[in-house]
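K.L.:
Below is a structure I'd like to ask you about.
In our numbering, the protein residues as written are 571 to 897.
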């Protein structure tokens, strides 16, 4: 089984990054205070500072007192070779990341590591990205820290890198997380699995196609990784699409406010070239503001020909979303 880098990068870019940034990260704990935890639903383990616990909202860790987050994504093993061939640092630079610097960690296995900076609606962020793999799984870990905290020394790069260097893949995944949102209608789509904070649906029910197909139809449902309040959901929706598509070279056929399961949001239907220089695609996206802050994002994409026929299905799937009953 092969998995094209473009397919991996498109999904990773969608769901690893929070639309609104992540709260300040306190990573000043000493190694003595660190504890080894396994990310729920994954094989990824990490020595995290005291105060962090597995998140109930996404595969990763969160400090409830500070809002700090460590976000993880698992992909098929073949993705690692694609990342290597594609020059990960260059791809980050071409997708809106600034000051990209490849590096190395004190990690026993072969890995890809880079630091970067990114402007978000919540301000400028420093990003620390690690990718490594074994014979079954490729793991990506992303740490997001306000740029000002790194510059002031409040958060130390050496501490973050020492933590990332403890990342490992366990023999078996830990128990799966209950999903906070579900779909009542799937149409021709099938659940394919979880990547980061997103549940993915494809026509064949597979995370990776049997042969490279970066334009394959995918529908994703992803809650935000934090509870930052979205002040203007319309602007946030447009910014999210602009990170994936060349909106200026495309055509928005419909946009406006919408309500799904009592949640207020914004929907956009568009045909536009994929970024950075991909083929035209059709996409339908909804971002809904959730109670207590944060959001849930749903987006369906496919190559233009197939996508035009599937937009109606994307709409039905999004309209069927419901919050899971609270326990």
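A virtual CB, placed ideally from N, CA and C, is assigned to each residue, including glycine.
Along the beta strand (DSSP E) that carries residue 841, what are the first and last residues, could you check?
P.N.:
Along the chain shown, read from residue 1 onward, the residue named residue 841 stands at position 271. Residues 833-843.
K.L.:
How far does the beta strand (DSSP E) with residue 789 in it reach, from first residue to last?
P.N.:
Your numbering for residue 789 matches position 219 in the chain shown. 788-793 is the extent of the beta strand (DSSP E) around residue 789.
K.L.:
Taking residue 858 as the reference, which of 850, 871, 880 and 806 has the closest Cα?
P.N.:
Within the chain shown, the letter at position 288 stands for residue 858. When each option's Cα is compared against that of residue 858, the closest is 806.
K.L.:
Which one of 668, 745, 846 and 615 has the shortest CA to CA distance from residue 818?
P.N.:
Indexing the chain shown from 1 puts residue 818 at position 248. Residue 818 has its Cα closest to that of 846, out of 668, 745, 846 and 615.
K.L.:
Mind reading off the beta-carbon distance from residue 790 to residue 869? Whole number of angstroms is fine, and I expect it under 8 Å.
P.N.:
The count along the chain shown starts at 1 and reaches residue 790 at position 220. The count along the chain shown starts at 1 and reaches residue 869 at position 299. About 6 Å separates the two Cβ atoms, so the contact holds.
K.L.:
Within its chain, find whatever has a CB closer than 6 Å to the CB of residue 777; leave out the 5 residues flanking it on each side and keep chain order.
P.N.:
Numbered from its first residue, the chain shown carries residue 777 at position 207. Once the five neighbours on either side are set aside, the close Cβ partners of residue 777 are 762 and 763.
K.L.:
Thinking C-beta only, is residue 669 closer than 8 Å to residue 686?
P.N.:
Along the chain shown, read from residue 1 onward, the residue named residue 686 stands at position 116. Along the chain shown, read from residue 1 onward, the residue named residue 669 stands at position 99. The answer is yes: Cβ separation under 8 Å.
K.L.:
From residue 587 to residue 606, what distance separates their C-alpha atoms?
P.N.:
In the chain shown, the residue the question calls residue 587 occupies position 17. In the chain shown, the residue the question calls residue 606 occupies position 36. Interpretation of residue 587 is limited by its pLDDT of 40, a score under 50 that renders its predicted location unreliable; no figure is taken from the coordinates.
K.L.:
If contact is defined by three or more beta carbon pairs under 8 Å, each pair taking one atom from either stretch, is the region 640-659 in contact with the region 699-718?
P.N.:
The way I'd put it, the region 699-718 does touch the region 640-659; three or more beta-carbon pairs between them come closer than 8 Å.
K.L.:
Note down, in chain order, each residue of its chain lying with its Cβ closer than 7 Å to the Cβ of residue 674, except the 5 sequence neighbours on either side.
P.N.:
Within the chain shown, numbered from 1, the residue matching residue 674 stands at position 104. Excluding positions up to five away in sequence, the list reads 683.
K.L.:
Does the distance from the CB of residue 624 to the CB of residue 643 come in under 8 Å?
P.N.:
Residue mapping note: residue 624 aligns to position 54 of the chain shown, counting from 1. Residue mapping note: residue 643 aligns to position 73 of the chain shown, counting from 1. In this structure, residue 643 does not lie closer than 8 Å to residue 624 by Cβ.
K.L.:
Which one or two residues does DSSP pair with residue 743 in a beta bridge?
P.N.:
The residue labelled residue 743 in the question sits at position 173 within the chain shown. Per DSSP, none; premise fails for residue 743.
K.L.:
Does DSSP put residue 880 in a helix, in a strand, or in coil?
P.N.:
The residue given as residue 880 occupies position 310 in the chain shown. DSSP places residue 880 in the helix class (H, G or I) of the three-state scheme.
K.L.:
If you run the structure through DSSP and keep just helix, strand and coil, what is residue 777?
P.N.:
Along the chain shown, one-based indexing puts residue 777 at 207. Looking at residue 777 - three-state DSSP - the assignment turns out to be coil, as it is neither helix nor strand.
K.L.:
Where does residue 820 land, buried or exposed, given buried means 16+ other C-beta within 10 angstroms?
P.N.:
For the purposes of this step, residue 820 is taken as residue 250 along the chain shown, with counting starting at 1. Buried: at least 16 other Cβ atoms inside 10 Å.
K.L.:
Between which two residues does the beta strand (DSSP E) harbouring residue 707 extend?
P.N.:
As a first step, residue 707 must be located in the chain shown, where it is residue number 137. It spans 707-716 - the beta strand (DSSP E) in which residue 707 sits, taken as one unbroken run.
K.L.:
Below 8 Å on the Cβ atoms is my guess for residue 773 versus residue 891; work out the distance and round it to an integer in Å.
P.N.:
Within the chain shown, numbered from 1, the residue matching residue 773 stands at position 203. Within the chain shown, numbered from 1, the residue matching residue 891 stands at position 321. Not really, about 19 Å apart at Cβ, beyond 8 Å.
K.L.:
Provide the residue span of the beta strand (DSSP E) that contains residue 751, from first to last.
P.N.:
As a position in the chain shown, residue 751 is number 181, starting the count at 1. Where residue 751 is concerned, the enclosing beta strand (DSSP E) stretches over 751-753.
K.L.:
State the Cα-Cα distance for the pair residue 838 and residue 640, rounded to the nearest angstrom.
P.N.:
On the chain shown, position 268 is the one that residue 838 refers to. On the chain shown, position 70 is the one that residue 640 refers to. Each residue's Cα considered, the two are about 30 Å apart.
K.L.:
Exposed or buried, residue 697, counting other C-beta atoms within 10 Å across all chains shown (16 or more means buried)?
P.N.:
Position 127 of the chain shown, counted from the first residue, corresponds to residue 697. Buried.
K.L.:
For residue 815 versus residue 786, is the C-beta spacing smaller than 8 Å?
P.N.:
By one-based count along the chain shown, residue 815 stands at place 245. By one-based count along the chain shown, residue 786 stands at place 216. Cβ atoms of residue 815 and residue 786: not closer than 8 Å.
K.L.:
Drop a sphere of 10 angstroms on the beta-carbon of residue 894, count the other beta-carbons inside from all chains shown, and report buried for 16 or more, exposed for fewer.
P.N.:
As a first step, residue 894 is located in the chain shown; it is residue number 324 there, counting from the start. Residue 894 is exposed by the Cβ-count criterion.
K.L.:
Over what stretch of residues does the beta strand (DSSP E) that includes residue 763 continue unbroken?
P.N.:
Numbered from its first residue, the chain shown carries residue 763 at position 193. Unbroken beta strand (DSSP E) run through residue 763: 760-765.
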